[in-house]
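Q: Protein chains in written order, with this note's numbering: chain A, 93 to 242; chain B, 93 to 242. Dumping the structure here so I can ask a few things about it.
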DNA sequence: CGTGCGACTGAGACTTTGTCTCAGGGGTTC
DNA sequence: GAACCCCTGAGACAAAGTCTCAGTCGCACG
Ligand SMILES: [Zn+2]
Ligand SMILES: [Zn+2]
Ligand SMILES: [Zn+2]
Ligand SMILES: [Zn+2]
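In structure tokens:
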């Protein structure tokens, strides 16, 4: 992610904190910066590794709490995955995911037709939809290559 | 799920076991029956509760293993969810999900337009797609009602 | 700048979720 | 029925996430 985009995202975060009356702490800023630097879809523990490498005093609980609060105010999102750990996503605009069923990689994909997909009417379920995501499950390039050579 | 459908699903399971050379045990049959009776999208522990109520000697590890093996041979599927526990799905045909971000409910939804969605070309990513799922995130009826009254 | 409130933090205990080990049991085939 | 091999139960273990609580720090206010 380029420097300018990163700066803009951090400004958004500052603004949302002010609006929500949330104190803006050094630790949460470090977590957000780590998320913006990592542009894959890391687990909380992986984010903690990165943050701790820069400042070893940031605790695991704080990283977990910070990621939840960042997701709650919409500065980051949670990605879905049929595995065990929650995956966080620094991209907040609508996009879709390739999910590798072998290695658990999550790869961003943009496709005009997917983006143009209208949200269906779910009022009969009493359900209010805020977000539509398409998930393409399959096998990534690296996993296929590994399989062929074996 | 009606009796006839359930019987057909169990027959499919028997056949896949024979084809795959897997012994068909009482415990795995109990896990499959529990999945077919629960038509929400239960966690492994919830399936274990149901199975254990019928036969308290079935161990937790067996239920976890059985669910994985049922998913591997395609008799059930795994649903994606931005939460911590894996959710299993007794429906194997393509369908889509409403996911409540408040209570973690997963509700099946069928929509012709979603079903007709073509799988986009992902060859530039080197990715082979086996399955396309749409996820509609939002808030379910019950959670909205709870919120209004509070 | 100093003060005070309230939310945040660190450390680690605890809970939940999932996996592994290994001796013993049971399905399948012949 | 016998042999083979996978499956199972019980519990230890591991991984992922939450909670508690005393102490700290951001920030609004004066
Ligand atoms: Zn892969
Ligand atoms: Zn993404
Ligand atoms: Zn709900
Ligand atoms: Zn479903």
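From the three backbone atoms N, C-alpha and C, an ideal C-beta is built for every residue, glycine too. Predicted model only: the values in this text are computed from it and were never measured.
#1: Within the structure, which residues are defined as neighbours of ligand 4 by a Cβ-heavy atom distance below 7 Å, reported in chain order?
#2: Could you give the DSSP three-state label for residue 232 of chain A: helix, strand or coil?
#3: Assuming residue 232 of chain B contacts residue 177 of chain B (C-beta within less than 8 Å), just tell me the rounded distance between them.
#4: Step through the CB atoms of chain A and report whether any lies within less than 8 Å of the CB of residue 129 of chain B.
#5: What residues from chain B crowd round residue 230 of chain A, counting only those whose CB sits closer than 8 Å?
#6: Could you tell me whether any non-hydrogen atom of ligand 3 is closer than 7 Å to the CB of residue 109 of chain B?
#7: In terms of residue numbering, what span does the beta strand (DSSP E) encompassing residue 169 of chain A cover?
#8: Using beta-carbon positions only, say whether residue 236 of chain B and residue 212 of chain A come within less than 8 Å of one another.
#9: Suppose you measure from the CA of residue 145 of chain A to the CA of residue 224 of chain A; what does that come to, to the nearest Å?
#10: With residue 228 of chain B and residue 189 of chain B assumed to form a contact (beta carbons below 8 Å), what rounded beta-carbon distance in angstroms separates them?
#11: Mind pulling the alpha helix (DSSP H) runs of 4 or more residues that sit fully within the region 176-203 of chain A?
#12: Where do the N-terminal and C-terminal ends of the alpha helix (DSSP H) with residue 102 of chain B fall, by residue?
#13: Count the other CB atoms, across all protein chains shown, that sit within 10 Å of the CB of residue 127 of chain B; report buried if there are 16 or more and exposed otherwise.
#14: Would you say residue 171 of chain B lies against chain A (beta-carbon separation less than 8 Å)?
#15: Any Cβ of chain B within less than 8 Å of the Cβ of residue 134 of chain A?
#16: Less than 6 Å between C-beta atoms, sequence neighbours within five positions excluded: which residues of the same chain meet that for residue 175 of chain B?
#17: Along the region 105-116 of chain A, what residues have a CB closer than 8 Å to any CB found in chain B?
#18: Residues of chain A with CB under 9 Å from residue 203 of chain B, in chain order?
#19: Give the DSSP-derived three-state secondary structure of residue 149 of chain B in the structure shown.
#20: Apart from the five residues on each side of it in sequence, which residues of its chain come closer than 6 Å, Cβ to Cβ, to residue 133 of chain B?
#21: Can you name the residues of chain B whose CB is closer than 8 Å to the CB of residue 233 of chain A?
#22: Run through DSSP, which three-state label would residue 132 of chain B get?
#23: In whole angstroms, give me the CA-to-CA distance for residue 159 of chain A and residue 149 of chain B.
A: In brief:
#1: B:133, B:171, B:181, B:183, B:187, B:189, B:198 and B:200
#2: coil
#3: With 8 Å as the limit, residue 232 of chain B and residue 177 of chain B do not qualify as a contact, their Cβ atoms being about 18 Å apart.
#4: No, residue 129 of chain B does not count as interfacial toward chain A.
#5: 214, 219, 220, 221, 222 and 223
#6: no
#7: 169-171
#8: No; because the gap between Cβ atoms is not below 8 Å, this pair is not in contact.
#9: 35 Å
#10: 7 Å
#11: none
#12: Where residue 102 of chain B is concerned, the enclosing alpha helix (DSSP H) stretches over 95-112.
#13: buried
#14: yes
#15: no
#16: 196
#17: For the region 105-116 of chain A, no residue has a beta-carbon sitting nearer than 8 Å to a beta-carbon of chain B.
#18: 212, 213 and 214
#19: coil
#20: 171, 179, 181 and 198
#21: 217, 218 and 219
#22: coil
#23: 40 Å
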